[in-house]
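First up is the structure itself, then whatever we jot down about it.
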Amino acid sequence: MSSSPAYNLLAETLEKQGIQIETVKAHLKQQHIETPSWGYGNSGTRFGVFEQPGAARNAAERLEDAATVHRFTGVAPTVALHIPWDKTDDWEGLKQYAADLSIGIGAINPNVFQDQVYKLGSVCNPSTEIRRLAIDHMLECVDIMKKTRSDLLSLWFADGTNFPGQANFRKRKQWMTEALSEVYDALPDATRMLIEYKFFEPAFYHTDLADWGTAYLMAMKLGTKAQVLVDLGHHPQGTNIEFIVAYLIDEGKLGGFHFNSRKYADDDLTVGSINPQELFLIYTELVAAELDPETETDIAYMIDQSHNLKPKVEASIQSVCNLQKAYAKALLVDREALAAAQDAADLVEAESILQRASETDVNPLLEQVRLEMGRDPHPLTAYRKSGYYEKISKARVGGESQGWA
Ligand code: PSV
Ligand code: MN
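Positions -6 to 398 (the numbering used here) are the ones given, in order, by the sequence shown.
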């Protein structure tokens, strides 16, 4: 297969640095990024929802969009579902439709935050009946995992309080533990529960699972099938997320990611758009673990973005490409030289090694990888030319929208 002069030059430069380009490409070809079904339907903020032409109205249309993102990128072969937004009476049919579209169903996300009954919380609600409803919904999702052959139950709770004195923190911690234990015990073999934390919102005084420590504690109590999920939008300003990532990996408790980007809080901006350096540093830790034969990891790489304003499929393709870029750069870090600089306490050299990798233009490399995978080297341009957006804009008119909006 022919390659561009830019790629040849890059390959030559990297080989001189002792970096095996074929190994780097092999890693990039097996990258797996899951896109969220809720990124394809209409969504908005609490101030309003702006409808988009062609927005997916139901689970089947969301699968079609996810499959389109995979078709153009080659590295997004699964889609996460949110229940009840993606609920259907025919799980077998939906699973088959996904297979027909050459994608698979990924994580199942229960929704215990939107129904009116959850106004004061779900598993930490003061009402025994509402706590039961929330647990039963999660058990229903375990059943959906069985029907769709999903191996991930991804949990996020909006539970928290808004006023001092509103509730008893310790009681709520015990309710959370009881609920998670019951669901954990129902998990099928070879599946995992991912526990997502978020430091605030929708509650503003306290949140029951506010940080990696509280999520980790629950995962520890439950057992090996429970791990922590890191959503990049769920930390206070300035948090060193790459450090959290390294810590969780070292404890065997990093189960998954929700990628997005943020300026202020949980903004759902395009991953890599605000702080690409942070994303690179996170990937640097992930690749370090991937390359270490002593470290075992099983990390689900998922995007969690609701594209309120950007055309949804385009925004997803753009996000996937940004993740490829961050991963590629992290694969170019000279690990041996970095370890030597760290051992010698050569701070300037250590930082320069990271900078060299992060400043490398990896576009020619990614274009070559896509060509070798039988894809167009420029996914976004190819998608825009494909006529898919025009087709869905015409076809998806009227009808009930099932989901956020
Ligand atoms: C909450 O902010 C969150 O990050 C959770 O993952 C939800 O499931 C998702 O967003 C969708 O609203
Ligand atoms: Mn999330």
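Ideal Cβ positions, reconstructed from N, Cα and C, are used throughout, including at glycine. As the structure is a computational prediction, the values presented were derived from the model and not from experiment.
Taking 8 angstroms as the cut-off, the Cβ atoms of Glu194 and Asp259 count as close. Here DSSP, grouped into helix, strand and coil, assigns Leu113 to helix. Shown here for Glu283: not one same chain residue has a beta carbon closer than 6 angstroms to its own, the five before and five after excluded. With a threshold of 16 other beta carbon atoms within 10 Å, Lys318 meets it and is buried. With a threshold of 7 angstroms, the Cβ atom of Trp78 does not count as near the ligand PSV, since no heavy atom of the ligand is closer than that. Collapsing the DSSP output to three states places Tyr376 in a helix. Distances from the CB of Trp397 to the heavy atoms of the ligand MN are all 7 angstroms or more. Distance from the CA atom of Gln311 to the CA atom of Ala160, rounded to whole angstroms, is 43 angstroms. Excluding its 5 nearest sequence neighbours in each direction, Met131 has C-beta neighbours in its own chain below 6 angstroms: Pro103 and Val176, listed in chain order. Those residues that have a beta carbon less than 5 angstroms away from any non-hydrogen atom of the ligand MN are, in order along the chain, Asp224, His251 and Asp297. Remark: three or more beta-carbon pairs, one from each stretch, lie closer than 8 angstroms, so the region 248 to 267 and the region 289 to 307 are flagged as touching.
Looking at the DSSP output, Pro29 shares a beta bridge with Ala73. Contact between Ala60 and Gly99 does not hold, since their C-beta atoms are separated by about 13 angstroms, which reaches or exceeds 8 angstroms. Contact annotation: Ile26 and Val313 have beta-carbon atoms nearer than 8 angstroms. By the C-beta density criterion, Ser120 is exposed, having fewer than 16 other C-beta atoms within 10 angstroms.
For Gly99, the three-state secondary structure derived from DSSP is strand. Three or more pairs of CB atoms, one per stretch, sit closer than 8 angstroms, so the region 206 to 223 contacts the region 181 to 193. Asn35 has its Cβ no nearer than 7 angstroms to any heavy atom of the ligand PSV. About 6 angstroms separates the beta carbon of Ala321 from that of Leu21, a gap short enough to meet the 8 angstroms contact definition. Distances from the CB of Lys9 to the heavy atoms of the ligand PSV are all 7 angstroms or more. In terms of Cβ geometry, Thr28 and Trp84 do not form a close pair [threshold 8 angstroms]. Counting only residues of its own chain and dropping the five nearest sequence neighbours on each side, Gly396 has a CB closer than 6 angstroms to the CB of Gly34 and Trp78. Looking at the DSSP output, Phe156 shares a beta bridge with no other residue. With a cut-off of 7 angstroms, the C-beta of Asp259 is classified as near the ligand PSV, since at least one heavy atom of the ligand falls inside that distance. Not one heavy atom of the ligand PSV falls within 7 angstroms of the beta-carbon of Glu287. Using a Cβ distance threshold of 8 angstroms, Val264 and Ile234 do not count as a contacting pair.
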